[in-house]
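In case it helps, our numbering puts the sequence shown at residues 1092 to 1459.
Here the structure comes first, spelled out in structure tokens, and everything after it is commentary.
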Amino acid sequence: MSTATRVGIVGCGNISEVYARKLSLLASVDLVACADLVPGRAKELAEKHAIPQALDPDSLLASPELEVVVNLTIPAAHAEISRAAVAAGKSVFSEKPLALDLADGLALGEAAREAGVRVGCAPDTFLGAGLQTCRKLIDDGAIGEPVAAHGFMLQPGPEMWHPGPQTFYQRGAGPLFDMGPYYLTALVHLLGPVRRVSGSARITHPKREIRSQPLRGQQIDVEVPTHVSAVLDFESGPVATLTTSFDVQASRLRNIEIYGTEATLSVPDPNTFGGPVTLRRRGATSWDELPLSHANAEQSRGIGLADMIQAVQRGRSHRASLELSTHVLDAMESIVRSSDEGAHVTPTTRCERPDALPPGLPDDVFDA
Ligand SMILES: NC(=O)c1ccc[n+]([C@@H]2O[C@H](COP(=O)([O-])OP(=O)(O)OC[C@H]3O[C@@H](n4cnc5c(N)ncnc54)[C@H](O)[C@@H]3O)[C@@H](O)[C@H]2O)c1
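See the structure below:
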């Protein structure tokens, strides 16, 4: 009998395709079912990836056969679906953000602890070759003491390309909640927990016009800030700035830089798994591109779930954890609150840095 963990996907939209492809390749996963509010989407995903059952969401959540639910619904449905899965005794791996607000994230955590199940959350890009190489460089002292960091996610907005961009301007999204998790998770993975934040945010256009097909010409009502700048003080000392925006037409500023006493580290796009990783040492006249020390350099969304499954088997913590995603959610909520209240905000949660991956392991393996 197969020892693979039986997994079902809820939410068969855009990103489900990437997950279904990856999960089908993982020996530790048996992808047995998928479900969506729109039955045709579940059917299409099931047919394309030979998933045995296309169900409605309630039937999937109730299925005694399933051990883990992968929650790929829209942000507004994340907490509800994850809590229903936990209530049915299943572990969950959710897309980001964990929930719309910290209160819902904390309630989910409480429910999971009571039920004795695991909750993992995207992004899992920090398990990729690029960000693990950066982590090793920092831990090995290659940049000296980390002093500061910058993160920039500056875009003109998803209504330019996404077929259904409305949700990007609803609660739980906007540039901070949609893209911020990649940047904040990478920064917490590299530098540790955030001690306090300040933020300034604005809504530049209260209405946005969809430019992509098939909804071209329709108007979107904007509910969330579309340009957000934050200063983050890390418990370990560094001060970071992070700007996320859907209001920038063009920029040369991108990704993350970490400034140390001995060198500057240019971190690759935290929404990807690969490089390049470049370093410029004190006094050097050029940047060195460094070899990647870890595996998983290609598109690997889903490896956070694979790590969670391996963690259960080994009796250890998983890396894309509830604690990490709750702290990232707390930091994002604190940034918006700081902007509203005009004062620094101290997050009420903290988390340890997730354990670094040992170098030299093959793809999809997380323990030496
Ligand atoms: N699209 C991307 O490139 C991308 C990349 C990384 C992460 N994500 C994240 O993945 C999640 C999904 O994004 P997407 O782009 O696939 O969105 P999407 O809108 O294309 O798909 C979401 C799907 O969830 C279904 N759904 C909504 N509420 C549901 C419910 N209560 N029960 C069952 N199904 C429900 C919808 O019908 C839809 O098919 C979001 O959290 C997003 O931030 C998306």
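All residues carry an ideal CB built from backbone N, CA and C; glycine is no exception.
Since this is a predicted model, take the numbers as computed values, not measurements.
Report whether the distance from the Cβ of residue i to the nearest heavy atom of ligand 1 is below 8 Å.
i, result
"A1213", "yes"
"L1396", "no"
"D1127", "yes"
"A1145", "no"
"A1072", "Residue coverage of the chain in this structure runs from 1092 to 1459, which leaves residue 1072 outside it and unanswerable."
"R1132", "yes"
"E1138", "no"
"S1342", "no"
"V1161", "no"
"I1106", "yes"
"E1460", "Since the first residue shown for the chain is 1092 and the last is 1459, residue 1460 is missing from the structure and cannot be characterised."
"D1230", "no"
"G1433", "no"
"G1196", "no"
"R1392", "yes"
"A1264", "yes"
"K1187", "yes"
"E1171", "yes"
"A1168", "yes"
"I1142", "no"
"T1224", "no"
"I1165", "yes"
"P1148", "yes"
"D1269", "yes"
Over the uninterrupted beta strand (DSSP E) stretch that includes residue i, give me the two end residues.
i, result
"I1100", "T1096 to V1101"
"H1241", "P1237 to L1245"
"A1233", "No beta strand (DSSP E) contains A1233, which DSSP labels as neither H nor E."
"V1109", "Looking at the DSSP string, V1109 is not in any beta strand (DSSP E); the run it does join, the alpha helix (DSSP H), is S1107 to L1116."
"E1201", "Premise fails: E1201 lies in the alpha helix (DSSP H), L1193 to A1206, not in any beta strand (DSSP E)."
"D1460", "With the chain represented from 1092 up to 1459, any question about residue 1460 goes unanswered, as that position is not in the structure."
"V1315", "No beta strand (DSSP E) contains V1315, which DSSP labels as neither H nor E."
"L1370", "V1368 to R1372"
"V1285", "V1285 to R1293"
"E1300", "K1298 to E1300"
"V1436", "Premise fails: V1436 is in no beta strand (DSSP E) and is neither H nor E."
"V1210", "V1210 to C1212"
Roughly how many whole angstroms lie between the Cα atoms of residue i and residue j?
i, j, result
"A1179", "A1153", "6 Å"
"D1458", "R1405", "9 Å"
"V1403", "H1409", "8 Å"
"A1167", "T1258", "9 Å"
"K1134", "L1381", "44 Å"
"G1290", "S1429", "5 Å"
"Q1223", "G1308", "42 Å"
"L1344", "L1267", "17 Å"
"Y1110", "G1374", "44 Å"
"A1175", "N1387", "32 Å"
"T1417", "L1191", "11 Å"
"S1425", "R1392", "27 Å"
"F1217", "P1155", "32 Å"
"I1142", "V1098", "10 Å"
"V1339", "L1245", "6 Å"
"V1160", "E1138", "19 Å"
"D1360", "T1440", "26 Å"
"R1287", "T1363", "27 Å"
"E1314", "P1449", "42 Å"
"A1203", "I1294", "35 Å"
"D1455", "K1298", "43 Å"
"A1354", "C1225", "12 Å"
"V1427", "G1200", "22 Å"
"R1371", "E1348", "11 Å"
"T1094", "R1407", "18 Å"
"C1212", "V1120", "17 Å"
"L1356", "P1237", "10 Å"
"S1377", "V1368", "14 Å"
"A1292", "M1251", "22 Å"
Could you check what DSSP says for residue i in three-state terms: helix, strand or coil?
i, result
"E1138", "helix"
"F1217", "helix"
"V1129", "coil"
"Q1309", "coil"
"A1422", "helix"
"E1380", "strand"
"E1443", "coil"
"F1364", "coil"
"P1256", "helix"
"P1449", "coil"
"S1093", "coil"
Between which two residues does the alpha helix (DSSP H) containing residue i stretch?
i, result
"D1276", "Reading off the sequence shown, one finds Thr at residue 1276, where the question assumed Asp. Per DSSP, T1276 belongs to the alpha helix (DSSP H) from G1265 to L1282."
Less than 8 Å between the CB of residue i and some heavy atom of ligand 2, yes or no?
i, result
"V1403", "This structure does not include ligand 2; its bound ligands are ligand 1."
For this session: Would you mind listing the beta strand (DSSP E) stretches within the region 1319-1360 that are 3+ residues and don't spill past its ends, in chain order?
Result: Counting whole runs of 3 or more residues, the region 1319-1360 contains the beta strand (DSSP E) stretches 1330-1336, 1346-1351 and 1354-1358.
For this session: Ignoring anything shorter than 3 residues or poking outside the region 1387-1417, list the beta strand (DSSP E) runs there in chain order.
Result: The region 1387-1417 contains no whole beta strand (DSSP E) run of 3 or more residues.
For this session: Could I get the ranges of all uninterrupted alpha helix (DSSP H) runs contained in the region 1137-1190, with 4 residues as the minimum, in chain order?
Result: Within the region 1137-1190, the complete alpha helix (DSSP H) segments at least 4 residues long are 1148-1153 and 1166-1178, listed from N- to C-terminus.
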